[in-house]
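These notes are about the structure you will find just below.
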Amino acid sequence: MMELVIVKMTASHIEDIAKLEKECFSSPWSEEGLKSELNNNFARFFVALSDGKITGYIGSHNVLGEVYITNIAVFPEFRRNGVGKALVEHLVNQMKNENAEFVTLEVRESNSTAISLYEKNGFQKVGKRKDFYEKPREDGVLMTYFIN
Numbered sequence: 679m680m681e682l683v684i685v686k687m688t689a690s691h692i693e694d695i696a697k698l699e700k701e702c703f704s705s706p707w708s709e710e711g712l713k714s715e716l717n718n719n720f721a722r723f724f725v726a727l728s729d730g731k732i733t734g735y736i737g738s739h740n741v742l743g744e745v746y747i748t749n750i751a752v753f754p755e756f757r758r759n760g761v762g763k764a765l766v767e768h769l770v771n772q773m774k775n776e777n778a779e780f781v782t783l784e785v786r787e788s789n790s791t792a793i794s795l796y797e798k799n800g801f802q803k804v805g806k807r808k809d810f811y812e813k814p815r816e817d818g819v820l821m822t823y824f825i826n
């Protein structure tokens, strides 16, 4: 397993995270969208670094103790090295410290790798969102980690 350091997202990370978004998602966040999160009091965005290089990131919003993961992404060359797991664990631990009630997210129904990662981290399937995703159109599986 590679040595990872997880830090709060800063302006210096935005350009690389925007590249990662384009590489991973059919509807990626823009640099402007990511930058706006730096001044959002509800935002909790973290970056995983290995030897100073961004390997992945996770973004979420904590609204009154309800935490919604907006995105989690890992550069392809760093996948299957525990980066996603470390990011999810870091976020959940941070949210426990903030006395959040739960952490929730949607994931493409076909993304069995991600679903398995979330289940291993204590998330439960709690519902489905019909046609939640576009490009291609697909249902989203709603998964939640209950803190209390």
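First residue of the sequence shown: 679, per the working numbering; consecutive thereafter. Yeah, the Cβ is synthetic: ideal placement off N, Cα and C, and Gly gets one too. Values in this document were obtained by computation on a predicted structure and should not be read as measured data.
For residue i, the three-state DSSP class (helix, strand or coil)
i      : result
GLY760 : coil
ASP729 : coil
MET773 : helix
ALA792 : helix
LEU820 : strand
SER690 : helix
GLY743 : coil
GLY800 : coil
SER705 : coil
Beta carbon of residue i nearer than 7 Å to that of residue j
i      : j      : result
MET821 : LEU783 : yes
ILE825 : GLU779 : yes
ARG786 : GLU816 : yes
PHE723 : MET687 : yes
GLY800 : PHE810 : no
GLY743 : LEU765 : no
LYS697 : PRO706 : no
SER714 : LYS813 : no
Nearest-angstrom Cβ-Cβ length linking residue i and residue j, presumed shorter than 8 Å
i      : j      : result
ILE732 : ILE695 : 7 Å
If you pair each beta-carbon of the segment 760-778 with each one of the segment 722-731, do three or more pairs fall below 8 Å? yes
Cβ contact check for the segment 707-727 and the segment 786-794: 3 or more pairs under 8 Å: no
With a threshold of 8 Å, are at least 3 pairs of Cβ atoms found where one atom belongs to the segment 767-778 and the other to the segment 738-750? yes
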